[in-house]
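Undergrad: Take the sequence shown: its position 147, counting from 1, is numbered 146 in numbering that gives the first Met the number 0, and each next residue is one higher.
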Amino acid sequence: MEIGLEPPPDMPQVFKDCIKDLGGSEIKLIIQKFLQVTDLRPQQNHLSMSLKQIRSPFLNEDEERMLNAKRQMPVTFVELCLSVSTVNLTKWSIGSSLSYIINGYYSKVLKNNRDSLKPNTVVQIWSFHCQPNLKLDFALIKVIDGEDGHVTD
0 MEIGLEPPPD MPQVFKDCIK DLGGSEIKLI IQKFLQVTDL RPQQNHLSMS
50 LKQIRSPFLN EDEERMLNAK RQMPVTFVEL CLSVSTVNLT KWSIGSSLSY
100 IINGYYSKVL KNNRDSLKPN TVVQIWSFHC QPNLKLDFAL IKVIDGEDGH
150 VTD
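#1: May I have the straight-line CA-CA distance separating Glu5 from Gln31, to the nearest angstrom?
#2: Taking just the CA atoms, how far does Gln42 sit from Ser84?
#3: At the level of alpha carbons, what is the spacing between Phe157 and Ala68?
#4: Please state the DSSP three-state secondary structure of Phe57.
#5: Alpha carbon to alpha carbon, what distance is there between Ser126 and Phe57?
#6: Would you list the residues sitting across from Pro157 in a DSSP beta bridge?
#7: Over the uninterrupted alpha helix (DSSP H) stretch that includes Gln38, give me the two end residues.
#8: Just to confirm the assignment, what range does the alpha helix (DSSP H) spanning Asn238 have?
#9: According to DSSP, which residues form a beta bridge with Gly145?
#10: DSSP state of Lys19, grouped into three classes?
#11: Measure the CB-CB distance between Leu79 and Lys90 and report whether it falls below 9 Å.
Here's what the structure looks like:
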């Protein structure tokens, strides 16, 4: 499902700089989505990314194998406020479809960014790999506010 703003906006420079400072490379936009109420409930503590909406492959073979074995992997998560947290990535079957799920300390991300994350906010999740071992990590970027729908810089 496309959600407008095609082609999607590029990553803001401040996030590129943060990822560079972390030793990141291989930056890829993996999803642009509207936040759902379930993505914003601290008690549910997860952000879902339907495999059907993933824009480009971002996992290496080992990461794919780990997630397919129903294991979770810790990932660094660059938040909207540019705080850096650790969350988990896992793969769930939801109904008849598969989704990647960011969970673990995701409720902390919600708390840190509560003024920016609202239902229908359009966000992007970008993946990147960090040196020295090319560890998978993510960045969360807001594209459109949920309240009034204006494009953010």
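Backbone N, C-alpha and C define an ideal beta-carbon position, used for all residues, glycine too. Note that the structure is a prediction, hence the values are computed from the model and not measured.
TA: Taking the structure as given:
#1: On the sequence shown, position 6 is the one that residue 5 refers to. On the sequence shown, position 32 is the one that residue 31 refers to. Whole-angstrom Cα-Cα distance: 10 Å.
#2: What you label residue 84 is simply residue 85 of the sequence shown in a count that begins at 1. What you label residue 42 is simply residue 43 of the sequence shown in a count that begins at 1. Cα-Cα distance, rounded: 18 Å.
#3: No answer is possible for residue 157: it lies beyond the span of the chain, which begins at 0 and ends at 152.
#4: Here residue 57 refers to the residue found at position 58 when the sequence shown is read from its first residue. Phe57 falls in the coil class under three-state DSSP.
#5: Position 58 of the sequence shown holds residue 57. Position 127 of the sequence shown holds residue 126. Rounded to whole angstroms, Phe57 to Ser126 spans 7 Å at the Cα level.
#6: Residue 157 lies beyond the range of the chain shown here (0 to 152); nothing can be said about it.
#7: Here residue 38 is taken as the residue at index 39 of the sequence shown, counted from 1. At residue 38 the sequence reads Asp, which differs from the Gln that was named. Per DSSP, Asp38 belongs to the alpha helix (DSSP H) from Val36 to Leu39.
#8: Past the boundaries of the shown model lies residue 238; the chain is included only from 0 to 152, so the question cannot be answered.
#9: As a working note, residue 145 is residue 146 in the sequence shown. In DSSP, Gly145 forms no bridge with anything.
#10: Against the sequence shown, residue 19 aligns to sequence position 20. Three-state DSSP puts Lys19 in a helix.
#11: The residue labelled residue 79 in the question sits at position 80 within the sequence shown. The residue labelled residue 90 in the question sits at position 91 within the sequence shown. No.
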